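Undergrad: Would you mind keeping the following structure in view while I ask a few things?
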């Protein structure tokens, strides 16, 4: 009995230890918190009890084994079940610890990825703000460019108006050149007529000299003088009238030439003023074009710099996106962060579309500006052709002017020689007039002597016949003296007429000198016109150089725009690739989270099953305690 009691005590201790361990296991399972109703009976848990009911145990123990053996077997079974439960609990705890460690690792990685994403998101926000500022700056710059383009268009319209005015003035200048050419033709015709008149004057001078010689011969012989003097007087009158007519025609021609030269000089002066004004306007237009070209060049440079910065920022954004992808690969970001990333990429794509639209507008404006520049270049080329034609006309005019100047110089030389000959003829006539006056004085003295003789012989009676002879002689002398006086007056008139001709020749020489001065002024104006044409050609060449520079800058800007478009396409491609990669990362993270949730669910299910097994073990322990109490009661009854 002592052995039995000792064995029972040991069994009771083992049962108490098993109950304590079961309670501990239940506590740990309750800490896990995955199973409810842990204190229910084991018959309701779906698990088979390690022992049968008390009645079956009692009946079977009565039939087969002793209660101690049955109790030992039950305790062994309970210990085995407790060990299995303990092993399952250890496995559940190990799985729980692994799950907790995995969750802590995932939480740490998610926190690190969250911090990285927040930092990158802040960087993105800054970059987006900078991009928005750059976009606003680009808009303002585009507005400034549009205003400058409008100014260039206005300046181009003004230049077209100036070109039209210049064309009109060129036409008027050509008309004035045509008028001057006609006046030159008239001057040449007048010079020809003057040469003919000079020849006629020479012939008339020769005739006058011959007549003067004839008059001298007639003066030697008094009888021949009367007939020759009368004939010479008639011829001289006719010649003088003819010379007066020619002189009047020459004077009218000279006055006409002077008026034509004055009108030509006035036209040339007005044309010179117009050319000066046109040159000033062309210089102003050139300066305005240079300023516009400088402003366009500065604008182009600033635009190129901004586009380069935009391309660099796009590259930096692409690098940032790649870094973000790497960070996402390392940190396994999920949920809203990927959505925000997708929204940021969409905003970036919209910004890229806006930049592309602005680039298209800039390309269209650049194409329109290039077309306008081509039209301006064509107009400038046409203007240069007109300037060349004007220069050829000016050269032809200069050649005509030189020919006319040579003719006028030769005509002036002929007029000078003619004046010298007329001066010598006048001198000879004056000498002959003085000789005629001396002869008249001599005749008057003879007449006075004859009169005295007549008075002395007046009282002689026998002198009637001689007196009549003397009177006849006196009458003849008187008539001769009268004729000599008349001839003297006529010669004096001829001398005065010749002097007037000399004065007119001097006036003609002065007119020729004035014509020479006017021709020199016209030559200076022609030189100024040539210089103005050269300046216009130089300005046209400068404008063509500016047009070439603008075309080169436009080509460079177009290349930059193409590079920016290629960079945008690469950025869009990279963004699409990043979106696809982010979607793949999100899918992988979702699968991993799903796998982790599955593991946690399995761990909870295992904990629930372990808790149910522990509850079954506790119910079995309580049943064993009841059996022990029954055995103790039976033993007590036996002892009594």
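Residue numbers (this note's numbering): 645 to 1284.
Glycine is no exception: its CB is placed at the ideal position from the N, C-alpha and C atoms.
Remember, it's a predicted structure, so these values are computed and weren't measured experimentally.
On the criterion of 16 or more Cβ atoms from any shown chain inside 10 Å, does residue 1260 qualify as buried, or is it exposed?
TA: Translated into positions along the chain shown, residue 1260 becomes position 616. Under this definition residue 1260 is a buried residue.
Undergrad: Please report the straight-line C-alpha distance between residue 1084 and residue 1067, rounded to a whole angstrom.
TA: One-based indexing of the chain shown puts residue 1084 at position 440. One-based indexing of the chain shown puts residue 1067 at position 423. The alpha-carbon atoms of residue 1084 and residue 1067 are separated by roughly 25 Å.
Undergrad: Is residue 759 buried or exposed, if buried means 16 or more other CB atoms sit within 10 Å of its CB?
TA: Numbered from its first residue, the chain shown carries residue 759 at position 115. With fewer than 16 Cβ atoms within 10 Å of its Cβ, residue 759 is classed as exposed.
Undergrad: For residue 710, which three-state DSSP category applies?
TA: Working through the chain shown from its first residue, we reach residue 710 at position 66. DSSP places residue 710 in coil when its eight states are reduced to three.
Undergrad: Just confirm the distance between the C-beta atoms of residue 723 and residue 662, as a whole number of angstroms; I'd bet it's less than 8 Å.
TA: Walking along the chain shown from the start, residue 723 turns up at place 79. Walking along the chain shown from the start, residue 662 turns up at place 18. The Cβ separation is near 7 Å, so the contact holds.
Undergrad: Are residue 1016 and residue 796 close, meaning C-beta to C-beta below 9 Å?
TA: Sequence index remark: in the chain shown, residue 1016 carries index 372 (1-based). Sequence index remark: in the chain shown, residue 796 carries index 152 (1-based). In contact: residue 1016 and residue 796 (Cβ atoms closer than 9 Å).
Undergrad: Please work out which residues of its chain come closer than 6 Å, Cβ to Cβ, to residue 1077, disregarding the five sequence neighbours upstream and downstream, and give them in chain order.
TA: Translated into positions along the chain shown, residue 1077 becomes position 433. Correct list, in chain order: 1135.
Undergrad: Counting C-beta neighbours from all protein chains within 10 Å, is the total for residue 734 16 or more, i.e. buried, or is it exposed?
TA: Mapped onto the chain shown, residue 734 falls at position 90. So residue 734 counts as exposed.
Undergrad: State the Cα-Cα distance for the pair residue 1182 and residue 830, rounded to the nearest angstrom.
TA: As a position in the chain shown, residue 1182 is number 538, starting the count at 1. As a position in the chain shown, residue 830 is number 186, starting the count at 1. Answer to the nearest angstrom: the Cα atoms are 36 Å apart.
Undergrad: Measure the C-alpha to C-alpha separation of residue 767 and residue 757 and round it to an integer number of angstroms.
TA: Taking the first residue of the chain shown as 1, we reach residue 767 at position 123. Taking the first residue of the chain shown as 1, we reach residue 757 at position 113. Cα to Cα, the separation comes out at about 15 Å.
Undergrad: Relative to the C-alpha of residue 1130, which residue among 1141, 1080, 1053, 1057 is closest?
TA: Locating residue 1130 in the chain shown gives position 486, counting from the first residue. Nearest C-alpha to residue 1130: 1080.
Undergrad: With a threshold of 9 Å between beta carbons, is residue 1019 in contact with chain D?
TA: Looking at the structure shown, chain D is missing, and only one protein chain is on hand.
Undergrad: Beta carbon of residue 1262, beta carbon of residue 718: below 9 Å?
TA: For the purposes of this step, residue 1262 is taken as the residue at position 618 of the chain shown. For the purposes of this step, residue 718 is taken as the residue at position 74 of the chain shown. The answer is no: Cβ separation not under 9 Å.
Undergrad: Hey, how far is the Cα of residue 1053 from the Cα of residue 1061?
TA: Within the chain shown, residue 1053 is the residue found at index 409, counting from 1. Within the chain shown, residue 1061 is the residue found at index 417, counting from 1. Answer to the nearest angstrom: the Cα atoms are 12 Å apart.
Undergrad: Pull up the CB-CB distance for residue 1046 and residue 811, whole angstroms please, since I reckon it's below 8 Å.
TA: The residue you call residue 1046 lines up with position 402 of the chain shown. The residue you call residue 811 lines up with position 167 of the chain shown. That belief does not hold up - the Cβ atoms of residue 1046 and residue 811 are roughly 29 Å apart, past 8 Å.
Undergrad: Going by C-alpha to C-alpha distance, which of 816, 737, 1137 sits closest to residue 917?
TA: Here residue 917 refers to the residue found at position 273 of the chain shown. It is 816.
Undergrad: Is the CB-CB distance between residue 1257 and residue 732 below 9 Å?
TA: Taking the chain shown and counting its residues from 1, the one referred to as residue 1257 is at position 613. Taking the chain shown and counting its residues from 1, the one referred to as residue 732 is at position 88. Cβ atoms of residue 1257 and residue 732: closer than 9 Å.
Undergrad: In whole angstroms, what is the alpha-carbon distance linking residue 1248 and residue 771?
TA: Your numbering for residue 1248 matches position 604 in the chain shown. Your numbering for residue 771 matches position 127 in the chain shown. Going from the Cα of residue 1248 to the Cα of residue 771 covers about 47 Å.
Undergrad: For a quick check, are the C-beta atoms of residue 1087 and residue 1138 less than 9 Å apart?
TA: As a working note, residue 1087 is residue 443 in the chain shown. As a working note, residue 1138 is residue 494 in the chain shown. Taking 9 Å as the Cβ cut-off, residue 1087 and residue 1138 do not qualify as a contacting pair.
Undergrad: Tell me whether residue 1217 is buried or exposed, calling it buried when 16 or more other Cβ atoms sit within 10 Å of its Cβ.
TA: Your numbering for residue 1217 matches position 573 in the chain shown. Residue 1217 comes out exposed.
Undergrad: Nearest to residue 1143 by alpha carbon, out of 753, 1071, 1275?
TA: Indexing the chain shown from 1 puts residue 1143 at position 499. Minimum Cα distance to residue 1143 is reached at 1071.
Undergrad: Straight-line CA distance for residue 987 to residue 747?
TA: Position 343 of the chain shown, counted from the start, is the residue given in the question as residue 987. Position 103 of the chain shown, counted from the start, is the residue given in the question as residue 747. Their Cα atoms are separated by approximately 29 Å.
Undergrad: Excluding the 5 residues preceding and the 5 following residue 658 in the sequence, name in chain order all residues of the same chain whose CB lies nearer than 8 Å to its CB.
TA: Position 14 of the chain shown, counting from 1, holds the residue named residue 658. Around residue 658: 719, 723.
Undergrad: How long is the line joining the alpha carbons of residue 765 and residue 1008, rounded to whole angstroms?
TA: Here residue 765 refers to the residue found at position 121 when the chain shown is read from its first residue. Here residue 1008 refers to the residue found at position 364 when the chain shown is read from its first residue. One C-alpha to the other measures close to 36 Å.
Undergrad: Report the CB separation of residue 803 from residue 1020 in whole angstroms; it is logged as a contact under 8 Å.
TA: The sequence position of residue 803 within the chain shown is 159, counting from 1. The sequence position of residue 1020 within the chain shown is 376, counting from 1. Sure, about 7 Å apart at Cβ, within 8 Å.
Undergrad: Note down the Cα distance separating residue 997 from residue 1200, rounded to an integer number of angstroms.
TA: Position 353 of the chain shown, counting from 1, holds the residue named residue 997. Position 556 of the chain shown, counting from 1, holds the residue named residue 1200. Each residue's alpha carbon lies about 22 Å from the other.
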